[in-house]
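Worksheet for the structure shown next.
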Amino acid sequence: MHNSAIIAFLALSASVTAAPYSPFPLPDGFPEPSPTQLAEIETLAQGTLPNGALPSSLKATGVTTLQLIALNEIFEVAFFTSLLSNVTNNVTGYDAAAIAPLDYNYVIDTLTAVVNQEQLHAAGVNGILANAGETQITPCEYEFPVATFVDAIALAQTFTDVVLGTLPEAQAAFAADAGDESGLVPLFGSVIAQEGEQNGFYRYVQKKTASASPFLTGGSPSFAFTALQMFIVPGSCPQDIATLTAGGLSTFGPLEVITTPEAQNMTLEFAAPGDVGPDTNSIVYISGQNLPVTVPISTVTSIAGYSHFTASFPFDSGFAHGLTIAALVNSTGQTFPSNDAVAAATLFGPGLIEVG
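With mature numbering (1 follows the signal peptide of the UniProt record, and there is no 0) applied, the sequence shown corresponds to residues -18 to -1, 1 to 338, in that order.
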């Protein structure tokens, strides 16, 4: 599976044949490790949970933001636990030959650190929620559309790109709420940096430059929430994740990016499971830290219940390497002042486009 195929899965919840995956509780006790187990997790993570004071109260936006982050962090624990297991057990496609020329033991050491670091991220976020008397997030069952180490690393890069675009939105929410939440801004700044270090490794494995662009693509919480649900087996979460929708998050219809994108001006084909028309809809791109770009759609056809259509991909107009987010919106020719404004008008998305 090439990176474009992984992006297509993220953009379109296609049929997945992999058995649902739910390794919890892990042998180290996660998500509820004992103090002794937590100490071992911290040793393998190469650092400890922060020991500063936690908020005693959270505003509604802060609660929803933290619950979304926790939902994602636990997904990442599951994903990297599965990946590490496949590598450690020499599963075909994940063995030393598949990993070469990378050093096999170096990869195991790196993934071991990542798994445990993600456990601390998840435990830390749930700890903040618990200290404020709010509902913690618990593990679900998951499906991962990968069959090789290369597939898994490409997918890890893409969902980490989405995280890197979402966490600054979380910081903005905590800053706006102020009060007890103000201290969360630098805390999650450190998490952004840590995720960036991870992504440099995932890009290096794919022989990409370690850093994609000077200013990474932003996002909106609802785009991350929608993309994340494509890995979660419906109905498998002990808590009702629909409560996050009640907290202000939206779930959009899937948007598939059919064409393999390149770092140049070109035309892309998209598909969405609904009625689409050039008189009522357009594609909006979010790339780097630039204002969203709106382009018209054309050549609409219906195939097996999906509307296929094309739109220009004006890469040379200032798009960033790395992640670009595409969204099909409910208007034409509209100029959007922010990523959140795009999300508010989105019908289908996000289409996750990786270039370079």
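For each residue, glycine too, the CB sits at the ideal point set by N, CA and C.
Residue from the options with nearest C-alpha to residue i
| i | options | result |
| --- | --- | --- |
| residue 207 | 331, 190, 73 and 71 | 331 |
| residue 277 | 191, 137 and 318 | 318 |
| residue 28 | 87, 322, 98 and 74 | 98 |
| residue 294 | 6, 308 and 283 | 308 |
| residue 75 | 337, 274 and 135 | 135 |
| residue 119 | 291, 12, 333 and 127 | 12 |
| residue 237 | 131, 66 and 288 | 288 |
| residue 38 | 112, 95 and 131 | 112 |
| residue 145 | 6, 72, 95 and 58 | 58 |
| residue 264 | 231, 255 and 328 | 328 |
| residue 230 | 297, 322 and 95 | 322 |
| residue 251 | 60, 279 and 259 | 279 |
| residue 310 | 338, 336, 181 and 255 | 255 |
| residue 95 | 168, 108 and 179 | 179 |
| residue 93 | 18, 184 and 80 | 184 |
| residue 235 | 82, 8 and 333 | 333 |
| residue 253 | 266, 239 and 244 | 239 |
Sequence-distant residues of its chain with Cβ nearer than 8 Å to residue i (five each side left out)
| i | result |
| --- | --- |
| residue 262 | 312, 313 and 314 |
| residue 226 | 46, 49, 50, 53 and 207 |
| residue 2 | 123, 124, 125, 215 and 218 |
| residue 188 | -16, 132, 135, 136 and 139 |
| residue 195 | 270, 302, 303 and 304 |
| residue 233 | 204, 207, 208, 211 and 227 |
| residue 177 | 142, 145, 146 and 149 |
| residue 90 | 66, 69 and 70 |
| residue 108 | 13, 52, 118 and 119 |
Exposure of residue i, with buried meaning 16 or more beta-carbon neighbours within 10 Å
| i | result |
| --- | --- |
| residue 143 | buried |
| residue 285 | exposed |
| residue 33 | exposed |
| residue 186 | exposed |
| residue 201 | buried |
| residue 87 | exposed |
| residue 247 | exposed |
| residue 159 | buried |
| residue 190 | buried |
| residue 64 | buried |
| residue 85 | exposed |
| residue 162 | buried |
Which residues DSSP lists as bridging residue i, in chain order
| i | result |
| --- | --- |
| residue 184 | Answer by DSSP bridge pairing: none, since residue 184 is not bridged. |
| residue 86 | In DSSP, residue 86 forms no bridge with anything. |
| residue 335 | 306 |
| residue 288 | 285 |
| residue 250 | 293 |
| residue 265 | 277 and 310 |
Residues near residue i in its chain [Cβ-Cβ closer than 6 Å; skip 5 each side]
| i | result |
| --- | --- |
| residue 149 | 170 and 174 |
| residue 78 | 86 |
| residue 193 | none |
Sequence-distant residues of the same chain with beta carbon closer than 7 Å to residue i, five excluded per side
| i | result |
| --- | --- |
| residue 82 | none |
*Is it a yes or a no for the segment 41 to 48 touching the segment 146 to 158, going by three-plus beta-carbon pairs under 8 Å?*
Taking a cut-off of 8 Å on C-beta distances, the segment 41 to 48 touches the segment 146 to 158, as three or more cross pairs fall below it.
*For the 8 Å Cβ check, are there 3 or more pairs between the segment 293 to 304 and the segment 270 to 280?*
A contact exists between the segment 293 to 304 and the segment 270 to 280.
*the segment 98 to 108 / the segment 8 to 24 touching (three or more Cβ pairs under 8 Å)*: The segment 98 to 108 makes contact with the segment 8 to 24: 3 or more CB pairs, one atom from each, lie closer than 8 Å.
*the segment 116 to 132 in contact with the segment 209 to 229 per 3-pair CB rule at 8 Å*: Three or more pairs of CB atoms, one per stretch, sit closer than 8 Å, so the segment 116 to 132 contacts the segment 209 to 229.
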